[in-house]
Each structure stands twice: as structure tokens, then as C-alpha cells.
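Q: Dumping the structure here so I can ask a few things about it.
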Amino acid sequence: MTADSYLAVRCDAPNPEEADGQCGNEGTWPVRVAHHTELRRLLRQQRGWRRPKPGRDICPACWTAGLR
1 MTADSYLAVR CDAPNPEEAD GQCGNEGTWP VRVAHHTELR RLLRQQRGWR
51 RPKPGRDICP ACWTAGLR
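Shown next, in the form of C-alpha cells:
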């Protein structure tokens with residue numbers, strides 16, 4: 001058996017329907033990346049994630065819905 005860790009970025013958009021009041025979407029990559037900066041670059045270029053100031057991560061669904 002082997003194990004590995006994968007980085008994940010969680011959407012920071014507000015969503016009152018979720019238990020903790022934030023969107024539950026997470027962005028990951030299927031292969032190992034070295035650090036979160038690289039993961040955010042891949043998610044932005046390939047999957048449409050946004051990182052508006054002041055440094056919050058917003059998934060494409062929340063961005064389209066205007067939850068910023």
C-alpha cells in the first residue's frame with residue numbers, strides 16, 4: 001500500500017446554504033504539484049478558478065453566480 005498527499009484549494013465565496021457559511025467546492029489536480037502557487041496557476045488556466053484581491057479563491061460556479 002502507498003500513500004501520498006494532494007494539495008487542495010477551497011472556494012472562499014459566501015454561501016449561507018452550507019453548514020459553515022462558505023462554498024464547499026474544492027480545487028485539486030490529479031497529479032502531484034509542488035506547492036499551492038502552482039496548483040492555483042493550473043486551476044486558473046485550466047478550470048477557470050479566480051483569485052481576486054485580497055487573495056480569496058473563488059470557484060467558477062460562484063464567480064458566474066456573482067458570489068465574490
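Read in our numbering, the sequence shown has 55 at position 55, and its numbers run on one by one without any break.
No residue lacks a Cβ here, since even glycine has one placed at the ideal position from N, Cα and C.
Keep in mind it's a predicted model, so treat the numbers as computed, not measured.
Whole angstroms are fine: how far does the CA of ARG10 sit from the CA of ARG44?
A: Within the sequence shown, numbered from 1, the residue matching residue 44 stands at position 44. Within the sequence shown, numbered from 1, the residue matching residue 10 stands at position 10. The alpha-carbon atoms of ARG44 and ARG10 are separated by roughly 13 angstroms.
Q: Starting from ALA61 and walking both ways along the alpha helix (DSSP H), at which residues does that stretch end?
A: Working through the sequence shown from its first residue, we reach residue 61 at position 61. Residues 60-65.
Q: Reducing DSSP to helix, strand and coil, say where GLU26 ends up.
A: On the sequence shown, position 26 is the one that residue 26 refers to. Strand.
Q: Is ARG41 helix, strand or coil by DSSP?
A: In the sequence shown, residue 41 corresponds to position 41, counting from 1. ARG41: helix per DSSP, three-state reduction.
Q: If you measure between the beta carbons of PRO14 and GLY21, is that distance less than 8 angstroms?
A: As a position in the sequence shown, residue 14 is number 14, starting the count at 1. As a position in the sequence shown, residue 21 is number 21, starting the count at 1. Cβ distance < 8 angstroms, so PRO14 and GLY21 count as in contact.
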